[in-house]
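K.L.:
Here it is, the structure, as structure tokens.
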Amino acid sequence: MTMNMPGMGAAPAPAAGNGGELVKDTTTQTFAKDVLEESRNQPVLVDFWAPWCGPCRTLGPIIEKAVVGAKGAVKLVKMNIDDHPEVAGQLGIQSIPAVIAFANGQPVDGFVGALPEGQVKEFIGKVAGPAGPSPAEELVAEGNRRLEAGDVPGAAEMFAAALQGEAQSVPALTGLARCHVVGGNLQAARDTLAMLPESAANDPAVAAVQAQIDLAEQTESLGDAATLQARIAENPKDFEAHFDLALLLNAQGDRESAVDHLLEIVAKDRNWADEKARKQLVQFFEAWGPMDEATLAGRRRLSSLLFA
């Protein structure tokens, strides 16, 4: 199948029996209608690509074929980030091809890289309505619940039990690594990530844990919050103090205040230190995950500053 890229092949494939298109291109102006509104009817996959990207050319025909084969369970919308970079920038997408699934107007899942056809079909099946969870998946879900509740030892126990059944389970290994990060054992977190299969290198969950490790390392060398707050009170344009305080607040779990300090920098001087504040926000969003409330709120606020 030829990739349906602007000026590079055949027109998008028509929908199979649902009276509309299953595959189409979108722009910044039509994104809300094509993706956010349409995702209230069925999940919509957004393929962020560029003409110069070799892996994009590999993934294109694979995902188009899989979407058409799903017979209307999902739709595919393709966005050329060279022509329309704004949405990808708002979502913090730094590598392509990147596929983000939207449902009910919100991003719900995604992957990066040219996955083989079997994995693309599995992803579509998960987004469109997966089968019941496996025992390992149930253990991982319980581990996530315990970790969210602050029961780090209990969460680690669940993730370890899941690994007894699936030794290279990406959700279990990343969950266990998150436990080590929360417990302050960054080397153990790195060692756990090293156990992942090479195929998981581009998994968003892996990137999130690595971002959490990087943030923890940054925070280790900072001073105390009171000193930084005093510097800001004396000089509200002490951007370095705002930046360091944002890192400390994030480490303490105050994500909203961390975002406030970084957005304060962006609002007053978005180019400060080569856009250091905006880049740190993107790292926060990656570490927190695409569906975290702080990520969603922070991206909306950042977008309003950048594209006002």
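Numbering that gives the first Met the number 0 numbers the first residue of the sequence shown as 0 and each following residue consecutively.
Beta carbons: idealized from backbone N, C-alpha and C, even for Gly.
No experiment lies behind these values; they were computed from the predicted model shown.
#1: Nearest chain E C-beta to Leu172 closer than 8 Å, yes or no?
#2: Mapping DSSP to helix, strand and coil, what is Ile62?
#3: Please list the terminal residues of the continuous beta strand (DSSP E) segment that includes Lys23.
#4: Could you tell me the distance, in whole angstroms, from the CA atom of Ala97 to the CA atom of Val34?
#5: Quick one, are the C-beta atoms of Leu185 and Val208 less than 8 Å apart?
#6: When the Cα atoms are used, what is the spatial distance from Lys275 to Ala69?
#7: Check for me: the beta strand (DSSP E) holding Met78 runs from which residue to which?
#8: Sorted by chain position, which residues of the same chain lie with C-beta nearer than 6 Å to Pro238's C-beta, five sequence neighbours on each side aside?
#9: Which term fits Asn103, buried or exposed, when burial requires 16 or more other beta carbons within 10 angstroms of its beta carbon?
#10: Is it buried or exposed for Thr26, if we count other Cβ within 10 angstroms and need 16 for buried?
#11: Looking only at C-alpha atoms, which of Leu21, His260, Leu58, Ser256 sits nearest to Gln118?
#12: My parser needs the beta strand (DSSP E) runs of 3 or more residues fully inside the region 222 to 292; what are they?
#13: In angstroms with no decimal places, state the Cα-to-Cα distance between Phe122 and Ile231.
#14: What's the gap between the Cα of Ala266 and the Cα of Glu292?
#15: Looking at the structure shown, is Asp324 part of a helix, part of a strand, or coil, going by DSSP?
#16: Report the three-state DSSP secondary structure of Ala193 (helix, strand or coil).
#17: Leaving out five residues before and five after Gly112 in sequence, what residues of the same chain have Cβ atoms less than 6 Å from its Cβ?
#18: Just confirm the distance between the C-beta atoms of Glu63 and Val22, as a whole number of angstroms; I'd bet it's less than 8 Å.
#19: Taking a contact to mean a Cβ-Cβ separation below 8 Å, would you say Gly297 touches Val258 in this structure?
#20: According to the Cβ coordinates, are Gly109 and Pro203 closer than 8 Å?
#21: Mapping the DSSP letters down to three states, classify Leu35 as helix, strand or coil.
P.N.:
To lay it out plainly:
#1: The displayed structure is made up of one protein chain only, and chain E is not part of it.
#2: Per DSSP, reduced to three states, the secondary structure at Ile62 is helical.
#3: Bounds of the beta strand (DSSP E) holding Lys23 are 22 to 24.
#4: C-alpha separation (whole angstroms): 15 Å.
#5: Contact: no.
#6: Just so you know, the alpha carbons of Lys275 and Ala69 end up roughly 42 Å apart.
#7: Residues 74 to 79.
#8: Residue identity differs from the one stated: residue 238 is Phe in this sequence, not Pro. Within the same chain, Phe238 has close Cβ partners Ile264, Trp271.
#9: With fewer than 16 other Cβ atoms inside 10 Å of its own Cβ, Asn103 counts as exposed.
#10: Thr26 sits exposed, since fewer than 16 C-beta atoms from the chains shown fall within 10 Å of its C-beta.
#11: Comparing alpha carbon positions, the residue from Leu21, His260, Leu58, Ser256 closest to Gln118 is Leu58.
#12: You should have found no qualifying run.
#13: Put simply, the backbone Cα of Phe122 is about 46 Å away from that of Ile231.
#14: Spanning the two alpha carbons is a distance of roughly 21 Å.
#15: The shown model of the chain, from 0 to 307, leaves out residue 324, and the question about it has no answer.
#16: Collapsing the DSSP output to three states places Ala193 in coil.
#17: Hits under 6 Å: Asn201.
#18: With a contact defined as Cβ atoms closer than 8 Å, Glu63 and Val22 qualify at about 5 Å.
#19: Yes, they are a contact pair.
#20: Contact: yes.
#21: Leu35: helix per DSSP, three-state reduction.
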